[in-house]
Structures are given as C-alpha cells and as structure tokens.
Amino acid sequence: MNDRIADSAIPEPAMFASRIESLRGQMTRDGLAAVLIPSADPHLSEYLPERWQGRQWLSGFTGSVGTLVVTADFAGVWVDSRYWTQADAQLAGTGVVLMKMMGGQQTAPHIDWLAENVPAGAAVAVDGTVLGVSAARALSDALTARGIVLRTDIDVLDAIWPARPGLPDAAVYEHAAPHASVARAEKLAQVREAMRAKGAQWHFVSTLDDLAWIFNLRGGDVSYNPVFVAHALIGLDDATLFVADGKVPAALAESLARDRVRIAPYANASAALASLPSGSTLLIDPRRLTHGLLEKVPSTVKLVEAVNPSTFAKSRKTAAEAEHIRATMEQDGAALAEFFAWFEGALGRERITELTIDEKLTAARARRPGFVTLSFATIAGFNANGAMPHYRATEASHSVIEGNGLLLIDSGGQYLSGTTDITRVVPIGEITAEHKRDFTVVLKGTMALSRARFPRGIRSPMLDSIARAPIWEAGADYGHGTGHGVGYFLNVHEGPQVISHYAPAEQWTAMEEGMITSIEPGIYRPGKWGIRIENLVMNQAAGKTEFGDFLSFETLTLCPIDTRCIDLALLREDERAWLNAYHETVRARVSPHVSGAALAWLEERTKAI
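The sequence shown stops at residue 686 when you use my numbering, and every number in between is there.
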C-alpha cells in the first residue's frame, strides 16, 4: 500500500489527519511503536528552514515551539501556554490532541508520557540529526529505564513527505565595517583563547547565530533571522566552514581564506568529526549540538562540554555596537511614529485589518536606512486575538479593526546595525476600566524591572519576579518568560541570558554589561484581550559598592507608551516621573527623524501626565 497522499486533493484538516495516517503506515513498516517529531533542525534553531518543519507539516500547528508524538492510536502536540489557544484552533479536526504544558494546568512532559505509554521492548524513533545531545540523554535515560528501545537512525519524514524541500540556497554575504566593529580574525582569536583555556584543540559549532557572529557573515536561509545553514570546525590555527555549494561567492571565499578559513561542502561536516585525530580534545556545547553529529566523534577523542564561547561573546555588545544600536532605535522609533500617525488618522475612515497593520508597519520600516527584513512575523491582535501571545493573522483568519477594545502590536526589524523588538497596546474606540486596570498593572511591571539595580553576575532568571510582582499583586500572571536576549543584526532571541522563572538559574545565565534583553510582561484574558508592553534594554554599569559591582538597564526602545490606556490612580509619583522622563527622551531622540503628521503624533503621545 502506498501511504503517500496527494495533498492538493484533500482539504484541511483532513489533510493533516491523512498525513498522520501515512506516518503510522511507515511506522508499521519500520517496526516502531512511537515517533517523536521535535521543533528542531540540525542546528537546533528556533526558527526552522522549511525542510525541517515536519511537525507543522504533519499536524498543522504553526507555532514555533512544540513537540509531536505519534503512536498507533494517539497523536499529540505538547505546547506551553503561549500557544494553547492557537494550537486548540489549528489542531481541531486533525485527530492531534493538544497537550498543555507549564503552570498549574501542566500535563506530563512528552518524555514522561512516552516512558509511561510505550510498552517495554518496543521502539521509539526520533531523527538523531535534529535531536540535541542534552535532550537525547534525557530521552534515552527515561526510555531505557523502562526497557524501551530508542532509535535515532531513522528520519521517517523522508519516506512520507514526497515534496519535502531541500536545503535553503540563499547567498552568504559579509557583515562588514562600519556595522561590524570587530574583525573576523579577532573573533576567531577570542574563540581560540577560550579553547586553550579548556585544553581543546578543536571546537565544533552548529548554531547558526554563533557561526554568523564568529565569521562576520550573514545570510537569508531562515525567515526573519539573517543567518545561513552551516557548521564549523575551528582548530587552533585554521577553521573549516561547511556550507552548501554555491552559497559563498568567490570573492568572499578569498576573504575568508585570508583569515585561514576554508569552505567545504555542508555534507562533509560528519566526516570531518569522524576524522579528528586520536587523543585530541574537542570542545562542544551539549545544548547546541545534535546527537547525530556527536555520534560521529571517535571514542579516542576527548570531549570537553561547555557553553559555546561565542554565545557569551556575542551577547556582550561592544561600545561601537551599542552606538549603532542606539542609532537604529531612533530610526525604528521614527518608523513607528510614521505608522501610528497614519493609523490614528485612518482609523474609522479606512478599512483596516490586522493584515493591513503588518503591511503598513513593514513599509514604514523598509523606508528606514539599513533595514533588511523583519525580525519576526508581526503580531497584530485585536481584542481576543491579542490574548494569544504568538497570534498571527492570515488571509483566512483575521480581524477588522473597528468598534471598541485593545489592539496589541508586537513587531521588530532587522537592520545592518541592530535588531529591534517592541510591543505596544493602543485603545480602539472606548475602552473599559478593566482594560485600563490591566494595562496599568502590566506597565507597572515593565517599569519596575526597567528601573531595577542588581549585582553584576546575578543569574538572569532571578530578575523575573521583579516584573511579575505588580501583576501578582493584582491577582494575575502570564505564562511566558519576561525577557529574552536579542542579537546584533542576528536572531531576535539569543542567550545566554533569559529573564524567566521557568528557566534554570544556571551560572551561564549571569547578567553582564552590554547584554541586550527584552522586558515584556503581560496579562492575557482568553476570548477578551491581551496586553503586553515590551522594551529592549541594555545592561550598563551602575556603580561599585562594598558589596561589589552593580548593573542597571538602559532602555533602548524609543516609542511612546499610550497614556490613554492608563488608570492614573494606580500609578505612584515615582512611576509617573519615570514614564514622563522616558517620553521626554523618546521625543528628543526621535523628533529629528520625522516631520509632518508623524512629528505631530510624536509630540501628542509624549505629553507629560
């Protein structure tokens, strides 16, 4: 029997149900009791090239995070609370069950579920080329303890996905001065210094933003992230970049060669690992390397496990990068002023949908110097749609902006000199006292953390409760982290820092000067509205006392927070003063870049309260 399905003949959601049945047929042929499809690629990326979007292709769930498990009589996707509403809608009718994770409604994680529901002696398969080393160890330990066989040598998608996309083929280009302030040779020297400190002669890197940073290269292989699909093996004297043929122009290859960087075919990375000299030492990051690649390393090679040195280095922006980012924020703020001036003028006069907002806001950013692309898909959610933190409007499902309520807009841009990410909420028509209360409580959380002073080196997850405290006091909470690291013309989500009580407070999450992080608390009332107020901030020195060095945040984002949504009775005088000072800064720095209606809007929305 041929289990491949002609997708064009089958409407959704039946199409996804048929794909699951096709997978089950392949599982029977391969002797598998269960298959696990993670949201991952060979580089453990958050945003995936189409080739590795297997979970989405099988289930119809489009969220960026989630794990699909399929057995003979069960299919489920495990997602956290950011995606519950979205997954509930997208999985309807597919036969795939929404498995809720995180918080008070948490169900068993997928690893525990597999251990409890797959019989001893049966086999569970997951593609080892997209399974992280740390995840593979946890999965293997749990299954082996129950006598379950784990197979990592099968990619079931190849057998059932007839039109599976190939490797992305966008060209690689150089991120050059003045935008890149540190030369490639200097960055390689930094990495090698860290290798020597660990006693390693070799270092293998798979994460795409690390590669882009180390080699001062950028690409277009992944939507919204200016990275390219590659691996690298770095030695103490030279390095090899494994990238698909034809992606690196000849002139760039010559430039790389001058820094003793060779270009080799993407598929050769495994063989290079297998050929490492006996007795040598290899530095790897087990959270950022796949099980499939690690299996290629000979047993005679010693492994040293640590966070990739580049992860720390790229998170600490240089003084020159900080200046570029400040200038980029002024341009991004100007684009936002132009957009909001148009929006408020057109509201009630033109038909505006959530899709229109994306189109107009993207166009405003595209007019700004150095703009390359968006940093993620714009989230424009009106009323109930705003209650889904990762909502995305589509042609088939979107709202018209009319009537009364709250509009949440989360957007960002990739510029040659920085990456932006901002969320604002604006009133539409008449809003209620409840709207204002929630908005003000969230604003108090944003301000509380923005104003914090803390010891240098504190574990970033420990800062999470500062933003949550005003929200907890109001009897509310939110199911996502408060903040994530942001790259420099790189991924909008980067580490090592993360402000989230869901994350372990490991040593490598320490806050250091120059890190850029989001602050984005929220309140979401399903079926009603969502509120999130997000700024990017940068760690700056805040003095030294007898207790050590302290840091504080410099707010980078330059866009008014809509005071029409504030319940002034809930603000303290010091909070009001902070907001007025912020708006004064926004007005002073953005006004030179706008004129006409945008300038008038900026002056109106930054008036003191």
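Glycine residues also receive a C-beta, built at the ideal position from the N, C-alpha and C atoms. Note that the structure is a prediction, hence the values are computed from the model and not measured.
One thing to note: V449 has its Cβ within 8 Å of the Cβ of L493. The residue from Y250, H252 and A440 with its alpha-carbon nearest to that of G489 is A440.
In the same chain as R664, and ignoring 5 residues on each side of it, the C-beta atoms closer than 8 Å to its own belong to L679, E680 and T683, in chain order. According to the DSSP assignment, M588 belongs to no alpha helix (DSSP H), since it is labelled neither H nor E. Looking at the DSSP output, P532 bridges to F627.
Beyond the five residues adjoining it in sequence on each side, C636 comes within less than 7 Å, by CB distance, of G410, L413, I499, R501 and V663 in the same chain, given in chain order.
Between M592 and S392 a beta carbon distance of about 5 Å is seen, short of the 8 Å cut, so the two are scored as contacting.
Looking at E263, G209 and V112, the one whose alpha-carbon comes closest to that of R228 is V112. Cβ contact annotation for Q267 (same chain, cutoff 6 Å, sequence separation greater than five): A390, in chain order.
Between G369 and T206 a beta carbon distance of about 4 Å is seen, short of the 8 Å cut, so the two are scored as contacting. Of the candidates A580, V667 and N194, A580 places its Cα closest to the Cα of P538.
Restricting attention to N481, D435 and R442, the CA atom closest to the CA of Y468 is found in D435.
The beta carbon of R442 lies closer than 6 Å to those of A412, F448 and G490 in the same chain, with the five residues before and after it left out.
Boundaries cannot be given for P242, as no beta strand (DSSP E) includes it and DSSP labels it neither H nor E. Collapsing the DSSP output to three states places L370 in a helix.
The DSSP assignment places complete beta strand (DSSP E) segments of no fewer than 3 residues inside the stretch 482 to 554 at 482 to 488, 490 to 492, 499 to 505 and 530 to 532, in order along the chain. Ranked by how close their Cα comes to the Cα of T509, the residues I643, P573 and A397 have I643 in first place. Put simply, the backbone Cα of I225 is about 9 Å away from that of S217. Looking at G102, A152, T594 and I600, the one whose alpha-carbon comes closest to that of K394 is T594. Here the C-alpha atom of I600 lies approximately 43 Å from the C-alpha atom of V320. The criterion of a C-beta distance shorter than 8 Å is satisfied by L244 and R128. Taking C-alpha positions only, T634 is separated from M524 by approximately 13 Å.
In the structure shown, H280 falls within a strand segment according to DSSP collapsed to helix, strand and coil. By the beta-carbon neighbour count (other beta carbons within 10 angstroms, threshold 16), Q617 is exposed. In the DSSP assignment, S595 is bridged to L613. By the criterion of at least three beta-carbon pairs nearer than 8 Å, the stretch 665 to 677 is not in contact with the stretch 526 to 541.
When the beta-carbon positions are compared, S136 and L145 come within less than 8 Å of each other.
In chain order, A525, L526 and A529 place their CB closer than 7 Å to the CB of I543, counting only its own chain and leaving out the 5 sequence neighbours on each side. Look at T162 here: in three-state DSSP terms it is helix.
Residue pairing for A202: DSSP places it in a beta bridge opposite V112 and R228. The C-beta separation of D336 from L220 comes to about 44 Å, leaving the pair out of contact by the 8 Å criterion.
In summary, E431 is buried, with 16 or more beta-carbon neighbours lying within 10 Å of its beta-carbon over all protein chains present.
Take V142, set aside five residues on each side of it, and the residues of its chain with a beta-carbon closer than 6 Å to its own are S116, in chain order.
In this structure, L483 keeps its C-beta atom at 8 Å or more from the C-beta atom of G506.
Two segments are said to touch when three or more pairs of C-beta atoms, one from each, lie closer than 8 Å; by this definition the stretch 610 to 630 does not touch the stretch 418 to 431. The C-beta distance from E611 to E597 rounds to 4 Å, short enough to fall under 8 Å.
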